[in-house]
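>
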Amino acid sequence: MATQGARRAVIVSGVRTPFVRAFTDYTRMDSIDLADVAVAGLLERTALPKEQVQAIVWGGVILPSAAPNIAREIALDLKLDPGCEGHTVTRACASGLQAVTTAAAAIERGEYDIMIAGGSDSTSNAEVKLPQKMVHAAAPLALGKPKAKDYLSAVAQLAPFTDLLPRRPKIEERTTGEVMGESAEKMAGIHGVTRAAQDEFAARSHHRAAAAIESGRFDREVLEVVTPEGKSITRDGLVRANTSVEKLATLAPVFAENGTVTAGNASPLTDGAAAVLLMSEEKARELGLQPLAAFRSWSYVSVDPRDQVLIGPAISMPRALDKAGMSLADVDFVDIHEAFAAQTLSVLAALSSDEWAKTRLDRDTAVGEIDPAILNVHGGSVSLGHPFGATGARMVTTMANELALSGKSAALLGICAAGGIGASAVLERV
Numbered sequence: 001m002a003t004q005g006a007r008r009a010v011i012v013s014g015v016r017t018p019f020v021r022a023f024t025d026y027t028r029m030d031s032i033d034l035a036d037v038a039v040a041g042l043l044e045r046t047a048l049p050k051e052q053v054q055a056i057v058w059g060g061v062i063l064p065s066a067a068p069n070i071a072r073e074i075a076l077d078l079k080l081d082p083g084c085e086g087h088t089v090t091r092a093c094a095s096g097l098q099a100v101t102t103a104a105a106a107i108e109r110g111e112y113d114i115m116i117a118g119g120s121d122s123t124s125n126a127e128v129k130l131p132q133k134m135v136h137a138a139a140p141l142a143l144g145k146p147k148a149k150d151y152l153s154a155v156a157q158l159a160p161f162t163d164l165l166p167r168r169p170k171i172e173e174r175t176t177g178e179v180m181g182e183s184a185e186k187m188a189g190i191h192g193v194t195r196a197a198q199d200e201f202a203a204r205s206h207h208r209a210a211a212a213i214e215s216g217r218f219d220r221e222v223l224e225v226v227t228p229e230g231k232s233i234t235r236d237g238l239v240r241a242n243t244s245v246e247k248l249a250t251l252a253p254v255f256a257e258n259g260t261v262t263a264g265n266a267s268p269l270t271d272g273a274a275a276v277l278l279m280s281e282e283k284a285r286e287l288g289l290q291p292l293a294a295f296r297s298w299s300y301v302s303v304d305p306r307d308q309v310l311i312g313p314a315i316s317m318p319r320a321l322d323k324a325g326m327s328l329a330d331v332d333f334v335d336i337h338e339a340f341a342a343q344t345l346s347v348l349a350a351l352s353s354d355e356w357a358k359t360r361l362d363r364d365t366a367v368g369e370i371d372p373a374i375l376n377v378h379g380g381s382v383s384l385g386h387p388f389g390a391t392g393a394r395m396v397t398t399m400a401n402e403l404a405l406s407g408k409s410a411a412l413l414g415i416c417a418a419g420g421i422g423a424s425a426v427l428e429r430v
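Those letters in the sequence shown? Residues 1 to 430, by UniProt numbering.
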């Protein structure tokens, strides 16, 4: 997001693992393992000597408690220069974008010339917490010098024992208790998004992702992953080329008895990683590397999660455009994170609404309607999957490649995230 004439950070390359459904092929690979694969693959594809990487910024949501600073673990695992700094950021589903823009800002401030940023998550390896009453009852026994009566006291505190069974964690808002799918249902009701519209959107996402795979459009970014069991994974595992609106219409709603959100029009739990190589433009030219794109702007906002927790991009996207000195008409591609078809369509409805513009954006007229032909041109999270910390870096990678390959000028990104967060960026071709 450099000002005119200032030092500029550029995206040189980006890669990602194939994205697969949680508890399948990557079950025995945690978020650090997946991150290692992505960064190692990035270095191999760019032929960049690993000792030249000065810092890593990594995004994650389900952080391993034994080693939460994934960025530094990557540097150590891959035996990068011992002085390679690493820190990890978390901003829910915007963590990957946060990592990349943090790196871009650091380069533009002159702190580093060469950085890697990205994100990873392994829902398969989410840690199941012990119930707090077990922790509180057992702590004196484990940390003190217990007597017989202390053991009896601990047993008494643990009753009833059915409370000790591990529970599947829910993806819900801490402050409101609302499950994300419930939020999507609420937004669909507010914006008049029908079940048919959601299924049509989901089918298009799958068809476009399948076309990108078959045409080789993803070849520049998708790596081979060899699992601990020796299985080679080279393609995204969730894309369904043969799905249809008719097939999706047969699925039952998940979050409300007469609801519209189904497993078919929502993003699935996913494992994966994505990594982006950033440099100062001067350093990239010095090394003979052709930059793909650069950030013209970015914007992070928050909204009240009690209202519409996933509507944030309808504010952050126009703000990113304003900061870039652009309008929607100046953008060639729009890429919006598809947490749910309902959420994505609600964001589109808000952007095309004069009322939304007046009440939430302090402007007289709507941002504008987004042409479906330029929206999520290679699918999105509904079809590709959504490893929470990796999605933002995936979107940056795909759009940077698309700008370079198509010769188009600019792309607008939008991501919703837990806590009422909206994250957006404008990329321009270099």
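For each residue, glycine too, the CB sits at the ideal point set by N, CA and C.
Computed from a prediction, not measured in an experiment: that's the story for all the values here.
Roughly how far, in whole angstroms, is the beta-carbon of residue 410 from the beta-carbon of residue 331, given that I think they are within contact range, below 8 Å?
Here residue 410 corresponds to residue number 410 of the sequence shown, with the count starting at 1. Here residue 331 corresponds to residue number 331 of the sequence shown, with the count starting at 1. Sure, about 5 Å apart at Cβ, within 8 Å.
> From the DSSP output, read off the bridge partner residues of residue 58.
Taking the sequence shown and counting its residues from 1, the one referred to as residue 58 is at position 58. According to DSSP, which records beta bridges pairwise, residue 58 is partnered with 88 and 118.
> Apply the 10 Å Cβ neighbour rule to residue 305 and answer buried if 16 or more other Cβ atoms are within range, or exposed otherwise.
As a first step, residue 305 is located in the sequence shown; it is residue number 305 there, counting from the start. Its Cβ being crowded by 16 or more others within 10 Å, residue 305 is buried.
> Classify residue 405 as buried or exposed, calling it buried when 16 or more other Cβ atoms lie within 10 Å of its own Cβ.
Taking the first residue of the sequence shown as 1, we reach residue 405 at position 405. When all chains shown are included, residue 405 counts as exposed.
> Residue 181 and residue 266 - do their beta-carbons sit closer together than 8 Å?
In the sequence shown, residue 266 corresponds to position 266, counting from 1. In the sequence shown, residue 181 corresponds to position 181, counting from 1. The answer is yes: Cβ separation under 8 Å.
> Using alpha carbons as the reference points, say which of 189, 276 and 209 lies closest to residue 393.
Position 393 of the sequence shown, counting from 1, holds the residue named residue 393. Minimum Cα distance to residue 393 is reached at 276.
> Would DSSP call residue 1 helix, strand or coil?
Numbered from 1 along the sequence shown, position 1 holds the residue referred to as residue 1. Three-state result, residue 1: coil.
> Which runs of the beta strand (DSSP E), 3 residues or longer, sit entirely within the UniProt domain "Thiolase C-terminal" (290-429)?
Listed in chain order, the complete beta strand (DSSP E) runs (minimum 3 residues) inside the UniProt domain "Thiolase C-terminal" (290-429) are 293-302, 333-336, 410-417 and 421-429.
> Is residue 271 helix, strand or coil when you go by DSSP?
Position 271 of the sequence shown holds residue 271. Here residue 271 sits in strand by DSSP.
> Please report the distance separating the alpha-carbon of residue 284 from that of residue 423.
In the sequence shown, the residue the question calls residue 284 occupies position 284. In the sequence shown, the residue the question calls residue 423 occupies position 423. When rounded, the distance between both Cα atoms is 27 Å.
> Starting from the N-terminal side, write out each stretch of the alpha helix (DSSP H) that is 4 residues or longer and does not extend beyond the region 167-233.
Taking only runs of at least 4 residues, the alpha helix (DSSP H) segments lying wholly in the region 167-233 are 180-191 and 195-215.
> List the DSSP bridge partners of residue 21.
Here residue 21 is taken as the residue at index 21 of the sequence shown, counted from 1. Partner(s): 270.
> Quick one, are the C-beta atoms of residue 269 and residue 22 less than 8 Å apart?
On the sequence shown, residue 269 is found 269 positions in, with the first residue counted as 1. On the sequence shown, residue 22 is found 22 positions in, with the first residue counted as 1. Cβ distance < 8 Å, so residue 269 and residue 22 count as in contact.
> Does the region 345-358 touch the region 212-231, meaning 3 or more C-beta pairs lie closer than 8 Å?
As far as the Cβ criterion goes, the region 212-231 does not touch the region 345-358, which means the pair count is below three.
> I want to know whether the region 310-317 touches the region 26-45 - three or more CB-CB distances under 8 Å.
No, the region 310-317 does not touch the region 26-45.
> Please name the residue in 384, 386, 290 and 362 whose C-alpha comes closest to that of residue 403.
Sequence index remark: in the sequence shown, residue 403 carries index 403 (1-based). Ranking the options by Cα distance to residue 403, first place goes to 290.
> If I follow the unbroken beta strand (DSSP E) through residue 10, where does it start and stop?
The residue given as residue 10 occupies position 10 in the sequence shown. First-last of the beta strand (DSSP E) with residue 10: 9-16.
> Kindly list the residues whose CB is nearer than 7 Å to the CB of residue 173, restricted to its own chain and excluding five residues on each side of it in sequence; keep chain order.
In the sequence shown, residue 173 corresponds to position 173, counting from 1. If we look at residue 173 and ignore the five residues flanking it on each side, its Cβ neighbours are 305, 309 and 418.
> Determine the direct distance from the alpha carbon of residue 105 to that of residue 200, and round the result to whole angstroms.
Residue 200 sits at position 200 when you count from the first residue of the sequence shown. Residue 105 sits at position 105 when you count from the first residue of the sequence shown. Taking the straight line from one Cα to the other gives about 38 Å.
> Around the Cβ of residue 299, are there at least 16 other Cβ atoms within 10 angstroms (buried) or fewer (exposed)?
Counting from 1 along the sequence shown, the entry for residue 299 is found at position 299. By the 10 Å Cβ count, residue 299 comes out buried.
> Whole angstroms are fine: how far does the CA of residue 140 sit from the CA of residue 102?
Taking the first residue of the sequence shown as position 1, residue 102 is located at position 102. Taking the first residue of the sequence shown as position 1, residue 140 is located at position 140. Answer to the nearest angstrom: the Cα atoms are 42 Å apart.
> In terms of alpha-carbon separation, which member of 334, 397 and 257 lies closest to residue 273?
Taking the sequence shown and counting its residues from 1, the one referred to as residue 273 is at position 273. Looking at the Cα atoms, 397 is the closest of the given residues.
> Residue range of the alpha helix (DSSP H) that residue 77 falls in?
Residue numbering aside, residue 77 sits at position 77 when the sequence shown is read from its first letter. First-last of the alpha helix (DSSP H) with residue 77: 70-77.
> Applying the 10 Å Cβ sphere with the 16-neighbour rule, what's the burial state of residue 371?
Here residue 371 is taken as the residue at index 371 of the sequence shown, counted from 1. Burial call: exposed.
> Just tell me which of 295, 363 and 414 has its CA closest to the CA of residue 432.
In the structure as shown, the chain starts at 1 and stops at 430, and residue 432 therefore has no counterpart that could be examined.
> Return the CA-CA distance between residue 244 and residue 126, expressed in angstroms with no decimal places.
Here residue 244 refers to the residue found at position 244 of the sequence shown. Here residue 126 refers to the residue found at position 126 of the sequence shown. Using only the alpha carbons, I get a separation of about 32 Å.
> Of the residues 11, 383 and 426, which one's Cα is nearest the Cα of residue 202?
Here the question's residue 202 lines up with position 202 in the sequence shown. It is 383.
> Assuming residue 114 and residue 42 are in contact, meaning their beta carbons sit under 8 Å apart, how far apart are those beta carbons, in whole angstroms?
Numbered from 1 along the sequence shown, position 114 holds the residue referred to as residue 114. Numbered from 1 along the sequence shown, position 42 holds the residue referred to as residue 42. Incorrect: roughly 12 Å between the Cβ atoms, too far for contact.
> Going straight from the alpha carbon of residue 369 to that of residue 378, what length do you get?
Along the sequence shown, read from residue 1 onward, the residue named residue 369 stands at position 369. Along the sequence shown, read from residue 1 onward, the residue named residue 378 stands at position 378. Cα-Cα distance, rounded: 19 Å.
> How far does the alpha helix (DSSP H) with residue 110 in it extend, from its first residue to its last?
Translated into positions along the sequence shown, residue 110 becomes position 110. Note, residue 110: premise wrong, no alpha helix (DSSP H); not H, not E.
> Classify residue 257: buried if its beta carbon has 16 or more other beta carbons within 10 angstroms, exposed otherwise.
Numbered from its first residue, the sequence shown carries residue 257 at position 257. With fewer than 16 Cβ atoms within 10 Å of its Cβ, residue 257 is classed as exposed.
> With a threshold of 6 Å on Cβ separation, who are the neighbours of residue 234 within its own chain once the five nearest residues in sequence on each side are excluded?
Counted from its first residue, the sequence shown places residue 234 at position 234. Counting only Cβ-Cβ distances below 6 Å, and skipping sequence neighbours, we find 224.
> Identify, in the order they occur along the chain, each residue of the same chain with its Cβ nearer than 6 Å to the Cβ of residue 6, setting aside the five sequence neighbours on each side.
Your numbering for residue 6 matches position 6 in the sequence shown. Cβ neighbours of residue 6 beyond the five flanking positions: none.
> Are residue 97 and residue 425 close, meaning C-beta to C-beta below 8 Å?
As a position in the sequence shown, residue 97 is number 97, starting the count at 1. As a position in the sequence shown, residue 425 is number 425, starting the count at 1. Yes, the pair counts as a contact, with Cβ atoms nearer than the cut-off.
> Name the two residues that bound the continuous alpha helix (DSSP H) containing residue 34.
As a working note, residue 34 is residue 34 in the sequence shown. Run containing residue 34: 31-46, per the alpha helix (DSSP H) assignment.
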